[in-house]
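**Q**
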Amino acid sequence: LGGVKVSETRIGDLGLKAGDQIRFRIAVPEDAEHCGGVTIFGKGFGDYDEGIVCSFICK
């Protein structure tokens with residue numbers, strides 16, 4: 002993440018198949034210099050009523 006290794010787990014270790022869904026978390030550590038949260042709008046919230054789609058591409 003940002004060039005910093007955060008886990009020993011590799012994508013292949015997860016046993017995912019094409020089309021599988023995964024959950025991931027976006028967070029700000031409580032001890033961060035600028036903590037206070039992250040605002041992400043999506044379906045039913047904010048000015049643009051669109052769902053959020055994230056694509057992860059492994060090379």
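Positions 2 to 60 (the numbering used here) are the ones given, in order, by the sequence shown.
Beta carbons are placed, not taken as given, at the ideal position from N, Cα and C, and that holds for glycine.
1. Below 8 Å on the Cβ atoms is my contact criterion, and I expect G38 with V29 to pass it. Report the Cβ-Cβ distance as a whole number of Å.
2. For D21, which of helix, strand or coil comes out of DSSP?
3. Can you tell me which of the three DSSP states D14 falls into?
**A** Reading it off the structure:
1. 6 Å
2. coil
3. helix
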